[in-house]
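Residue numbers (the working numbering), protein chains in the order written: chain A, 13 to 129; chain B, 13 to 129.
From the three backbone atoms N, C-alpha and C, an ideal C-beta is built for every residue, glycine too.
There are 2 protein chains.
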Amino acid sequence: MAERFERELMRGSLDLMVLSVLADGSKYGYLIQKRVREASDETVKLQAGTLYPLLHRLEAAGVIKSKWDHSTGRKRKWYELTATGRRRIRDQAAQWDRYVACIQQLLTPALAALPAK
Amino acid sequence: MAERFERELMRGSLDLMVLSVLADGSKYGYLIQKRVREASDETVKLQAGTLYPLLHRLEAAGVIKSKWDHSTGRKRKWYELTATGRRRIRDQAAQWDRYVACIQQLLTPALAALPAK
DNA sequence: TGACATATATCGTACAGCGATATATTGTTG
DNA sequence: CAACAATATATCGCTGTACGATATATGTCA
Numbered sequence: 013m014a015e016r017f018e019r020e021l022m023r024g025s026l027d028l029m030v031l032s033v034l035a036d037g038s039k040y041g042y043l044i045q046k047r048v049r050e051a052s053d054e055t056v057k058l059q060a061g062t063l064y065p066l067l068h069r070l071e072a073a074g075v076i077k078s079k080w081d082h083s084t085g086r087k088r089k090w091y092e093l094t095a096t097g098r099r100r101i102r103d104q105a106a107q108w109d110r111y112v113a114c115i116q117q118l119l120t121p122a123l124a125a126l127p128a129k
Numbered sequence: 013m014a015e016r017f018e019r020e021l022m023r024g025s026l027d028l029m030v031l032s033v034l035a036d037g038s039k040y041g042y043l044i045q046k047r048v049r050e051a052s053d054e055t056v057k058l059q060a061g062t063l064y065p066l067l068h069r070l071e072a073a074g075v076i077k078s079k080w081d082h083s084t085g086r087k088r089k090w091y092e093l094t095a096t097g098r099r100r101i102r103d104q105a106a107q108w109d110r111y112v113a114c115i116q117q118l119l120t121p122a123l124a125a126l127p128a129k
């Protein structure tokens, strides 16, 4: 369990993961990171150097919006989905499903054709 | 049907598609391209500018090997899987399945939490 | 006091995938 | 037959994601 992925196998879909986590309710970066790691059983690490630029990118795209919280000693930047963001999840999810189906359509017969290990 | 993908949603997994197509038997580039397009109902275009560098990369990695065929007027470069390549398919497929499960685990409750369209 | 977890951010690097472009042959059609 | 489309491979420059390293600062606990 929890081995590393060939990283390129998962490119782009991190956006969808982060948006999904936010569909559950507002969160700040570090919480998002922990949630993704936990949900993936540590398989998807979602490094800080990946996450924060990703969040800035999503905000610039208008699919999430942020608000600083200085009430506690540790300052946190809370993110929530915008209406566009909610639409985005539905669109990306539909695309994702179709894409997974494409891979499956090629992969299933391929594995069957391979000599037994 | 057959709309364009947000391209970044599928990065890296093209390798696995190409390897899968070759599990079915040797093919040359153009055939691989047509097979992927057809199997994905034109959703995964697999452009020539993507395919050929990809094939060179896979060959350099030792997962496929090639042989030129000049017997016909049109010269074709036939590719086939190596033993390493067959192992690679199994490994990547297992990784892919786990990754898809991770996304699903986050996506399903997210879609449920979203207000009905 | 020192170590570790929390919390955000930026920088340089690596590299996949795309669109454009090049080149040459074969098949089709007006 | 000339023009065009399809077949077939290849390279180049660009864009953008993801990573690792690094920086900074606060909170907690031994």
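- Residue burial is scored here from C-beta neighbours: Gln104(A) has at least 16 other C-beta atoms within 10 angstroms and is therefore classed as buried.
- Proximity of chain A to Ser32(B) at the Cβ level (cut-off 7 Å) is accounted for by Leu118, Leu119, Ala122, in chain order.
- In summary, the residues of the stretch 52 to 74 of chain B whose CB is separated from some CB of chain A by less than 9 Å are Ser52, Asp53, Thr55, Val56, in the order they occur in the chain.
- Contacts with chain A (Cβ-Cβ distance below 8 Å) from the stretch 84 to 114 of chain B involve Arg98, Ile101, Arg102, Gln104, Ala105, Gln107, Trp108, Arg110, Tyr111, Val112, Cys114, listed in chain order.
- Sequence-distant partners of Ser25(B) (beyond 5 residues in either direction) whose C-beta falls short of 8 Å from its own C-beta, in its chain, are Trp108.
- By the neighbour-count criterion, in which a residue is buried when 16 or more other Cβ atoms sit within 10 angstroms of its Cβ, Gly41(B) is buried.
- No residue range can be given for Ser83(B), since it is assigned to no beta strand (DSSP E) and is classified by DSSP as neither H nor E.
- Residue pairing from DSSP places Lys39(A) in a beta bridge opposite Tyr91(A).
- Under the DSSP assignment, Thr62(B) falls in the alpha helix (DSSP H) whose first and last residues are 60 to 72.
- When 9 Å is used as the limit between beta carbons, Ala128(A) is near no residue of chain B, the shortest such separation being about 10 Å.
- Around the beta-carbon of Asp27(A), 16 or more other beta-carbon atoms lie within 10 Å, marking it buried.
- Cβ contact annotation for Asp81(A) (same chain, cutoff 8 Å, sequence separation greater than five): Tyr40, Lys87, Arg88, Lys89, Trp90, in chain order.
- Here Lys57(B) carries a coil assignment [DSSP, helix/strand/coil].
- Here Val33(B) is near Arg47(B), since their CB atoms are less than 7 Å apart.
- Residue nearest to Pro127(B) within the set Ala124(A), Ala106(A), Ala95(A) is Ala95(A) (criterion: CA-CA distance).
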